[in-house]
Amino acid sequence: MTDATASAGRPTRITRGSPADHPSIRRPLIRRPDVLIFLAILALVTIGATVLAQTGHVSTSTVKLLGKTLCLCLAALAMDLVWGYTGILSLGHFAFFGIGGYAIGMWLMWDRTELIVLDTLARNPLPATPLEVQEAIGSQIFGVVGSTEIPWLWAFAGSLPLQLAAAVLVPGIVALIFGWLAFRSRVAGVYLSILTQAGTLALSLWLFQNDSGLRGNNGLSGLQNLPGLDHVPQSTISLWFLWASALALAGAYLLAAWTVAGRFGSVLRGIRDDEARVRFLGYEVEHYKLAIFTGTAMACGIAGALYYPQAGIVNPAEIAPIASIYLAVWVAIGGRGLLYGAVIGAAFVSLLSSWFTGGGAPDIDLGFYEIRWTDWWLVLLGLTFVLVTLFAPKGLGGLVDLWTERRSRRTSDLGPDEGALRAEEERP
Amino acid sequence: MSALLEVSGVSKSFDGFKAIDNLSFTVGEPELRAIIGPNGAGKTTFMDLVTGKTRPDSGSIRYGELSRDLTRMSEAQIARAGIGRKFQKPTVFEDQTVFENLAMALASPRSPWTVLTRRPSMETRAGEVAERVGLTAHMRRRAGVLSHGQKQWLEIGMLLAQEPRLLLVDEPAAGMTSAERERTTEMLVEAAKDHAVVVIEHDMEFVRRLNCRVTVLHEGRSLAEGSLDFVCADPRVIDVYLGRPEAGAEAEAEHA
Amino acid sequence: MRILLALALLVIPLSALAQQGPVQTLLQTHAEDIADPSRQTIQPVLDDLSASGLPAMTEFLEAWADKGVVRRDADGLFFYGQREGDVYVLRSVEDGAEAGEVGRREATELKPNAGVRRLIGTALVQFQLNDPDPARRRAALDALSRNATPDLLGPLRASIETEENGAIRDRKEELERLITLRFGENQAARLAAIDWLSDKVSLEGRAALNNVLTTRTVVGPPEAGANIARVLVPGTDISEPAAVALLAEAGFEVAQVSRADRDAALIAAIEGESVAGVAVASLNTEDARWAAYETLAQAGAVPPRAAPDAVARLLAETPITAVYDEPDPAITTAAAAALDEVGARVARAQAADLTLDALSLASIYFLAAIGLAITFGVMGVINMAHGEFIMIGAYTGYVVQTIVPDYTVSLIIALPLAFVVAAAAGVVLERLVIRHLLHRPLETLLATFGISVALQQIFKNIFGTQAVPLTSPAWLAGAWSLNDVIGISYIRIAIFVLALGFLALLVWILRRTRLGLEVRAVTQNPGMAASLGIDPDRVGMATFALGSGIAGVAGVAIGLFAQVTSEMGSGYIVQSFMTVVVGGVGSVFGTLVGAGMIGGLQKGIEWLNPSNTLAAQTYMILFIILFIQFRPRGIVAQKGRFVQ
């Protein structure tokens, strides 16, 4: 830890081009410790849950909860990229999540209703005509909003590939248009946050209407039933989705780690810290922002498309601005600018939240007042969140960093040291 | 030596205050030029205008052989066209390492897709730049932990790494120790051998050391131009400088 | 005993005669006609009674029409009589004083028939219309407007001349015109009434004009001389199925076979695996089914289906017209024109009303947003808990009301108290959270969001999820209305005044006080302000107190007309942000303009699309997003080199 070794040892290492002490540079992604540990834990959880579920130790609803949590982690990962790395506090990313859910929900609902309708019509003496099928589906799906006509939005609802594409492309296109408008006129900071929140509110209000074509506040329901797979028990389907969610999350994590590594990541963090400076370096900041905004919106769409079949229902309340803020809360609690932080935050807070609100936490009797956690959990969450923002800006993930840093400090020199700086300045 | 940057008849006012008033200015390549002037003379606004941060109310700013109109280009386009800027307050990315700062600045394709998918090694080139600004030993340290002078050098290094044709340097010596100043002077003179370098400076002593042509700005206008001794003999310049003793740098500190 | 009784019988009429007043005297002159009235004979009697002008005559006529008058057989005098068991309890027709009893069989109840009763009613109206009590005159007019008959026109007209109360006189004139329009003696009179009504916007007037224009639908050629409103073209004026249904109703033979009929017929005709020689399995398209039905029809098994063009031809041949119930075309034309004119007038009045609504909404938004605008301007932070300060203010008002029962007094206490409570909450938030997050606006946004969540839930835990009442004092209830279209509730006027008051107060503080000077300095250039010795912490705290306090007052105001719930703040927060962003940060007048614009816009869109307020909000937000494109710094933008 002496000055001489610190300043003399490094240049040689650099000229040899072995940045061993810097994990984010030029090491193959798959060999980075954070990626490895993350993938290992994810695999462990998924395989463990599968084994326990198969042996009957874990209920289907728990498997679903786990699968849903993984989807939320994926959304949080996207949020981390857009906010933690790029500094765009989007309060609308959960809307993209919802759009993904709606897109896949339309197919699930349409196809299943079609099967049911065909089944019912098959009991008629006459074979069903296409018009009859259409009308029956229309009244089945849109009867709740007092309509039997099939809105244009549902034109491709019968096609799984097209709706899957929509789950990714619709959020992407919406984000692209919105982002292009906003970034082009240099709307940034809290203005952008408010604008995204307003856009989210507009979307959810629109969806609340009965004539939006998406069943108003009823939303889309019965999504847990896969069309044509009525014979497969939910316990099996839940495992399929758990695996799909885990794979999506693993893929997204690798992609995110790859994205934030190297110069692209540098530019993103540069935009976060000093946008104008990045511009003077010749980077079109707006293009980068647009790319990351759109890309993460698409990732959220995928997460939503995996989440809602496990949740079973998607409705406009899901898209309300508050949901997007919660997404930011998860990332903040987990740790901004750290990929695993986002995942930890989403998993930790959402699981804790379902434990508290589900009545899992024991109530505390103070004698004069009984604290029921179903009532007080939000107070606890809100205040915890304030404390985390104030005192632990790096969140829970920061604790991991702190721990690894403390370990590495024992073996290598890192710190800025006044003496070292002085010595260098005096050197000719 | 041909004109690289040609500013002609440019005016810019903020809420009625004329920061730049019908200013004309030319710099060739290679050339080292210093701009001096009292507070509020419009030095920083001049830089903002050239780099595209501010748009002029009138006048034209032409650059390069093709005489491209900078007033119609975005900041990033101007930077890519070969105009580099060093800010008065060191603005390096404190959260990133010296290497990352330099790698970002190195001349290379800037479009998101290329940056994301093509990842050539930048170690060697960044190493060369670091060597020029004396930061070789600090490549892996966070820029935030560097001393003030080192941050200034890192920023000059980033400027060099961009390989610009025109370097706009705003008060490079502010807050430096005398040893650091000397080294900064060397770097600028070295760079001016094959680039156009415009230095905005407050400190007459530093300007004297640069030993170059000087433009005196006052109330947004070019008051005098020539060697330092020549402009210092100009009675108007004396009037401006003696009439207004130097009063710190806060007034110029606002662009950050 | 008998003698005594006879004496008594003698004495009573004598005493009665001795007390005979003007009413009884007059009645006795027409005694026989009153006792046994007929429609032919009664009118002169009624005229005579009416001409007497006796006030007590009103009550008599009412009682008479109501079968409440008896005639004592012994002396032929009239009394108000109430049957109680075997006797009638008598009261004097002069003043209603007790006048003894008489046996059931010794008096005759007067039972005028329906025709007579109507005539009595008409005569009565005249009395009521001239009643000295204005309330009774109004009641009579109301009854008249509900139940207008042509014969009431005369008494109504007669009563206008002598009416002294201006408002009632106006009302009488209006009613006279309305009844004339309906039952006027000739075309000219009715046209004059229509002309008169075309100047008014009252609902009643519009209803009367519409009433003239009621139509019935006539299928086939209308009778000669019918006053045709318009020809209904199927497909444009009415849908084709509706037109076909009308034709069928009118007895035209429309051989339309519904899809259900067709399918039933096909199913009935299934023989084994085929229908009419076609395999059942192949009937999986509409065309195939129709083809099979045609085959059946040709075989005569089912009624034939009319060709589509046959229905079209029938529709084309048979005119469907809307015919006015009113036979006189001159009247209907004039009424339609008058209605158009009234419509234009109503539209203008609605625009005025809409402007009032928008102003009121704008003043609410202004109150809700101004605090946010100040704190955003001075400290550059968005306070997501601002909506919760509004809620705190509203709940303060509620708590005060539970302690102080008088609504006026409690309001006077609640307004300043809400300011103090919310300002204190704001200062606590500023000191504990926001101060520690300076220059980290996004984190401030999220941290204050955490506060917002916690506050909402705490209030929910304390006050429950149900909305609590915040009642306005009686003098604020009701509405000020200029006519049937333009009106605004007093609460909204009060809020408007409150907003104006705060606007004036803020302008005064910012322009004329030391704090204002410092606030403006910090807003425009924080660094320079700090170097001039202005303590940004102190200024920040003061502005936060001010901004939050105003939010608290806004909460009381909003609570008076909207529901007080723990979530009420979140409903206003986005709108408040919009107001600030659209108006321009850090400017009182910017916020004013922003509030005006958003209020106006929201009302305007609601007016264009009144059925769907959700869509209105969606469009408004989209509009604002686009607006920000063109004025990213808001309407009243701060300028200068220091603005980033």
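Residue numbers (numbering that gives the first Met the number 0), protein chains in the order written: chain A, 0 to 427; chain B, 0 to 255; chain C, 0 to 643.
Backbone N, C-alpha and C define an ideal beta-carbon position, used for all residues, glycine too.
Indicate the three-state DSSP secondary structure (helix, strand or coil) for H435(C) in the structure shown.
-> Of the three classes helix, strand and coil, the one that applies to H435(C) here is helix, per DSSP.
From this set, P170(A), L222(A) and D210(A), which residue's C-alpha is nearest G198(A)'s C-alpha?
-> Nearest option by C-alpha distance: P170(A).
Is R288(C) close to chain A, meaning its C-beta is less than 8 Å from at least one C-beta of that chain?
-> Closer than 8 Å: yes.
Any idea if H56(A) is buried or exposed, counting beta-carbon neighbours within 10 angstroms, 16 or more meaning buried?
-> Flag for H56(A) reads exposed.
In DSSP terms, what G77(C) is bridged to | It is Phe, not Gly, that sits at residue 77(C) in the sequence shown. Its beta-bridge partners are R70(C).
Closer than 8 Å to chain B by CB, A187(A) = No - not a single Cβ of chain B is within 8 Å of the one on A187(A).
Does the Cβ-Cβ distance between A421(C) and G342(C) come in under 8 Å?
-> Not in contact: A421(C) and G342(C) (Cβ atoms no closer than 8 Å).
Quick one: give me the first and last residue of the beta strand (DSSP E) that L246(A) is part of.
-> Note, L246(A): premise wrong, no beta strand (DSSP E); alpha helix (DSSP H) at Q233 to V259.
Using Cβ-Cβ distances below 9 Å, what residues of the region 419-449 of chain C are close to chain A?
-> Listed by position along the chain: L431, V432, H435, L436, R439, P440, L441, E442, T443, L444, L445, A446, T447, F448 and G449.
Measure from the alpha carbon of E270(C) to the alpha carbon of each residue in L295(C), L208(C) and T470(C), then state which is nearest.
-> If we check each option's Cα against that of E270(C), L295(C) comes out closest.
Under 8 Å between C-beta atoms of A129(B) and T135(B) = Contact flag set, yes.
Under 7 Å (Cβ pairs) to chain A, residues found in the region 189-209 of chain B | Taking 7 Å as the Cβ-Cβ cut-off against chain A, none of the residues of the region 189-209 of chain B qualify.
Just mark Y368(A) as buried or exposed, buried being the case when its beta carbon has 16 or more other beta carbons within 10 Å.
-> With fewer than 16 other Cβ atoms within 10 Å, it is exposed.
What does T356(A) reach in chain C if we use C-beta pairs closer than 8 Å?
-> Within chain C, not a single residue places a beta-carbon under 8 Å from that of T356(A); the smallest gap is close to 11 Å.
Looking at chain C, which residues of the region 115-142 of chain A have a Cβ within less than 9 Å of any of its Cβ atoms?
-> Taking 9 Å as the Cβ-Cβ cut-off against chain C, the residues of the region 115-142 of chain A that qualify are N123, P124, L125, P126, A127, T128, P129, L130 and E131.
Whole-number beta carbon distance between P89(B) and H137(B), since they are thought to touch under 8 Å = About 14 Å separates the Cβ atoms of H137(B) and P89(B), ruling out a contact at the 8 Å cut-off.
Examine the Cβ distances between the region 42-49 of chain A and the region 296-306 of chain A and report whether three or more of them are shorter than 8 Å.
-> No: fewer than three Cβ pairs fall under 8 Å.
The region 171-189 of chain A / the region 594-610 of chain C touching (three or more Cβ pairs under 8 Å) | The region 594-610 of chain C and the region 171-189 of chain A do not touch, with fewer than three beta-carbon pairs separated by less than 8 Å.
Could you work out which residues of chain C lie near L213(A), taking near to mean beta carbons separated by less than 7 Å?
-> Neighbours of L213(A) in chain C, taken as residues whose beta carbon is under 7 Å from its own, are absent, since the nearest beta carbon is some 13 Å off.
Just tell me which of V266(A), P232(A), V284(A) and A249(A) has its CA closest to the CA of L35(A).
-> Cα-wise, what sits closest to L35(A) is A249(A).
What first and last residue would you give for the alpha helix (DSSP H) that runs through E93(B)?
-> From DSSP, E93(B) is part of no alpha helix (DSSP H); its letter is neither H nor E.
So is P171(B) in contact with chain A if we call contact Cβ pairs under 8 Å?
-> It does not: the Cβ of P171(B) has no partner Cβ on chain A nearer than 8 Å.
Under 9 Å from the C-beta of T258(A): neighbouring residues of chain B | Within 9 Å Cβ-Cβ: L115.
State the CB to CB distance for the pair A135(A) and L120(A), rounded to an integer number of angstroms; the pair is presumed to be in contact (CB under 8 Å).
-> A Cβ-Cβ separation of about 7 Å places A135(A) in contact with L120(A) under the 8 Å criterion.
Smallest Cα separation from L282(C): which of L130(A), T59(A) and F95(A)?
-> The option with the nearest alpha carbon to L282(C) is L130(A).
Coarse secondary structure for P240(C), derived from DSSP in three states = DSSP, reduced to helix, strand and coil, places P240(C) within a helical segment of the structure shown.
Can you name the residues of chain A whose CB is closer than 8 Å to the CB of F284(B)?
-> With chain B represented from 0 up to 255, any question about residue 284(B) goes unanswered, as that position is not in the structure.
Name the residues in the region 512-538 of chain C whose C-beta lies less than 8 Å from a C-beta of chain A; which are they?
-> Result list empty, no residue passes.
Around the Cβ of L22(B), are there at least 16 other Cβ atoms within 10 angstroms (buried) or fewer (exposed)?
-> Under this definition L22(B) is a buried residue.
Would you kindly report the start and end of the unbroken alpha helix (DSSP H) that includes R511(C)?
-> For R511(C), the uninterrupted alpha helix (DSSP H) segment begins and ends at Y489 to R511.
Cβ atoms of L436(C) and T443(C): under 8 Å apart, would you say?
-> Between T443(C) and L436(C), the CB-CB gap stays under 8 Å.
Host alpha helix (DSSP H) of Y323(C) (start-end) | Residue range I319 to Y323 is occupied by the beta strand (DSSP E) that includes Y323(C), with no alpha helix (DSSP H) assigned at that position.
Hey, does V9(B) have any beta-carbon neighbour from chain A nearer than 8 Å?
-> It does not: the Cβ of V9(B) has no partner Cβ on chain A nearer than 8 Å.
Please report the residue range of the beta strand (DSSP E) in which Y645(C) lies.
-> Since the first residue shown for chain C is 0 and the last is 643, residue 645(C) is missing from the structure and cannot be characterised.
Applying a beta-carbon distance threshold of less than 8 Å, which residues of chain A neighbour E605(C)?
-> For E605(C), none of the residues of chain A pass the 8 Å Cβ criterion, the least Cβ distance being about 13 Å.
Measure the Cβ-Cβ separation of P29(B) and D193(B) and say whether it is below 8 Å.
-> Contact flag set, yes.
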